[in-house]
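First comes the structure, then the notes that go with it.
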Amino acid sequence: MPTTIDLRSDTVTHPTAAMRRAMAEAPVGDDVFSDDPTVNALEARAADLLGKEAGLFVASGTMGNLVSLMAHLPRGHEAIAGATTHTVMDEAGGHAVVVGATIRAMAERLDGTMDPQAIEDAFRDPHDLHEPITGLVVLENTHAHTGGRPLSLGYEREVAAIAHERGVPLHIDGARFFNAAIALGVGARDLAEPADSVTFCLSKGLSAPIGSVVVGSAAFIARARRARKLVGGGMRQVGVLAAAGLVALSDGPDGMVARLADDHANARRLAQGLASLDGVYSPGGLGQAGDGPLDPERAVTNFVLFRVRRNRAAFMGALEARGVLMVPYAGGSIRAVTHHGVEAADVDRVVGAVADALAASA
Ligand SMILES: *Cc1c(COP(=O)(O)O)cnc(C)c1O
Numbered sequence: 066m067p068t069t070i071d072l073r074s075d076t077v078t079h080p081t082a083a084m085r086r087a088m089a090e091a092p093v094g095d096d097v098f099s100d101d102p103t104v105n106a107l108e109a110r111a112a113d114l115l116g117k118e119a120g121l122f123v124a125s126g127t128m129g130n131l132v133s134l135m136a137h138l139p140r141g142h143e144a145i146a147g148a149t150t151h152t153v154m155d156e157a158g159g160h161a162v163v164v165g166a167t168i169r170a171m172a173e174r175l176d177g178t179m180d181p182q183a184i185e186d187a188f189r190d191p192h193d194l195h196e197p198i199t200g201l202v203v204l205e206n207t208h209a210h211t212g213g214r215p216l217s218l219g220y221e222r223e224v225a226a227i228a229h230e231r232g233v234p235l236h237i238d239g240a241r242f243f244n245a246a247i248a249l250g251v252g253a254r255d256l257a258e259p260a261d262s263v264t265f266c267l268s269k270g271l272s273a274p275i276g277s278v279v280v281g282s283a284a285f286i287a288r289a290r291r292a293r294k295l296v297g298g299g300m301r302q303v304g305v306l307a308a309a310g311l312v313a314l315s316d317g318p319d320g321m322v323a324r325l326a327d328d329h330a331n332a333r334r335l336a337q338g339l340a341s342l343d344g345v346y347s348p349g350g351l352g353q354a355g356d357g358p359l360d361p362e363r364a365v366t367n368f369v370l371f372r373v374r375r376n377r378a379a380f381m382g383a384l385e386a387r388g389v390l391m392v393p394y395a396g397g398s399i400r401a402v403t404h405h406g407v408e409a410a411d412v413d414r415v416v417g418a419v420a421d422a423l424a425a426s427a
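Sequential numbering of the sequence shown, starting at 66, is according to my numbering.
Structural data, given as structure tokens:
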């Protein structure tokens, strides 16, 4: 039985040998006293990479967004965000349950953007006592539901200008922020510049086992640190985890940022292979509207979305029987995510397995 190729997500990546060594040897301290040198080094490294004053190590991307919202939004305020974003759809309503904020959920376009005019129009009238007060704009970069599209620096600047003119900050949920920077050919620091705060995941394509980092101004991070304590995220000798993140963000051969380009090339290769198969077509919805052929040019980071002219569950069962895992995704589509440990030869094996599974589920 050949080994399983797991394309469900880039979260299935395991820590590298260099990470395991760094974790074993990490100097640690009590991080609630800010005594953990490895955590402090990771927070400083992340802040430096993204050109911000300070950073905060958190347990997950969800916690990063939650403490960012808590730090930006007083109770009863409102954030503007895309309707399909993780913050709106996939964080168990934390904005409502914990922050006490509403979200103005906006229509999104095939490139992952919201219409800037619609963003302007979505701002509430602060003088009307009926309305919540708009206190934040949130962007997701890369944007998952469009198939991991990177939002351009120009678009980020346009949205930041709209927000800042009204005295409101911009938060970027950059779970896959380095994928965006690499796909756009823009420095991560430049891409972060329009935002007041950015979160990114260490535990996705960067292959660390646990954690995300939030970056922003020192004053913002101080509020986010208090919020992290409130939600029970103040941890102790957590340098054993931060050490893996430091390896991921390092320059040189053990670093995991530059190699994301390989994942993008493999996603494009996969999309091209799938597009050549009879029975595979466009993902529909924000992934690529319409019922036409799959457009491989849509794969620009590490996601491939597609539909099959089969019963989806039957097809996915047949695929799993051939040692390939993917996940059901929005609007009847299927998602495959490339990541560290998936090579071009694996991609070719996946295309063969999809062809066989299509035949078996016809
Ligand atoms: C994965 C993800 C998150 C949350 O990260 P977790 O570590 O799974 O909590 C947030 N936003 C986006 C866009 C994501 O893909």
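Don't be surprised by glycine CBs; every beta carbon is placed ideally from N, CA and C. This structure is a prediction, so every number in the text was calculated from the model and none was measured.
For a test of your reading of the model: does the CB of S347 fall under 6 Å from any non-hydrogen atom of ligand 1? Yes or no.
S347 Cβ: outside cutoff for every heavy atom of ligand 1.
Find out if the Cβ-Cβ distance for the pair T366, A248 is shorter than 7 Å.
yes
Can you tell me where the beta strand (DSSP E) with L370 in it begins and where it stops?
368–373
Please state whether the Cβ-Cβ distance between L359 and F371 is less than 7 Å.
yes
Whole angstroms are fine: how far does the CA of E385 sit from the CA of V163?
The alpha-carbon atoms of V163 and E385 are separated by roughly 38 Å.
Let me confirm a value: Q182 is counted as buried when at least 16 other C-beta atoms fall within 10 Å, else exposed. Which label applies?
So Q182 ends up on the exposed side.
Closest to P191 by C-alpha separation, out of R231, A157, G219, R222, would be which residue?
R231
Distance, Cα to Cα, A180 vs L131?
This sequence places Asp at residue 180; Ala is not what is there. When the Cα atoms are used, D180 and L131 turn out to be separated by approximately 25 Å.
Answer yes or no: do P234 and L204 have a C-beta to C-beta separation smaller than 7 Å?
no
Taking 6 Å as the cut-off, is the beta-carbon of H151 closer than that to any non-hydrogen atom of ligand 1?
Between ligand 1 and the CB of H151, the shortest heavy atom gap is smaller than 6 Å.
Does the separation of the CB atoms of A225 and P259 fall below 7 Å?
yes
Taking 6 Å as the cut-off, does the CB of E173 come closer than this to any heavy atom belonging to ligand 1?
Using a cutoff of 6 Å, the CB of E173 does not count as near ligand 1, since none of the ligand's heavy atoms is closer than that.
Would the beta-carbon of A91 fall within 7 Å of that of A308?
yes
Following a CB-centred definition, is G213 positioned closer than 6 Å to any heavy atom of ligand 2?
Annotation note on ligand 2: not contained in the displayed structure, which lists ligand 1 as its ligands.
Within its chain, find whatever has a CB closer than 6 Å to the CB of V322; leave out the 5 residues flanking it on each side and keep chain order.
The answer, listed in chain order, is F243.
Does T78 pass the burial test, meaning 16 or more other C-beta atoms within 10 Å, or should it be called exposed?
buried
Below 6 Å CB to CB, which residues in the same chain sit around G304 once its five sequence neighbours on both sides are set aside?
A91, V93, D101, T103, V104
Quick one: Cα of I286 to Cα of V279, how far?
8 Å
Which term fits E143, buried or exposed, when burial requires 16 or more other beta carbons within 10 angstroms of its beta carbon?
Its Cβ being crowded by 16 or more others within 10 Å, E143 is buried.
Give the DSSP bridge partners of G349, in chain order.
Q353
Taking 6 Å as the line, does the beta carbon of A209 fall inside it for any heavy atom of ligand 1?
yes
Unbroken alpha helix (DSSP H) runs of length 4 or more, entirely within the stretch 211–283: which are they?
218–230, 242–249, 253–257
For T152, which three-state DSSP category applies?
helix
What did DSSP end up calling F122 once you bin it into helix, strand or coil?
strand
Pick out whichever of A87, F122, I184, S347 has its Cα sitting closest to the Cα of I227.
I184
For V412, does the three-state DSSP call read helix, strand or coil?
V412: helix per DSSP, three-state reduction.
Once the 5 residues before and after V416 are set aside, which same chain residues still bring their CB inside 6 Å of it?
G338
At a cut-off of 6 Å, is S262 close to ligand 1 when judged by its beta-carbon and the heavy atoms of the ligand?
No heavy atom of ligand 1 is found nearer than 6 Å to the CB of S262.
Does the distance from the C-beta atom of T211 to that of L351 stay below 7 Å?
yes
From what residue to what residue does the alpha helix (DSSP H) around T403 run?
It is not in any alpha helix (DSSP H) - T403 carries neither H nor E in the DSSP assignment.
Does DSSP put L115 in a helix, a strand or coil?
coil
How would you label R374, buried or exposed, when you count the other beta carbons within 10 angstroms and need 16 or more for buried?
Counting the other Cβ atoms within 10 Å of the Cβ of R374 gives fewer than 16, which makes it exposed.
Taking the CB atoms as reference points, tell me whether G349 and G396 lie closer together than 7 Å.
yes
Please list the segments of the alpha helix (DSSP H) lying wholly inside the stretch 303–342, counting only runs of 4 or more residues, in order along the chain.
304–313, 325–340
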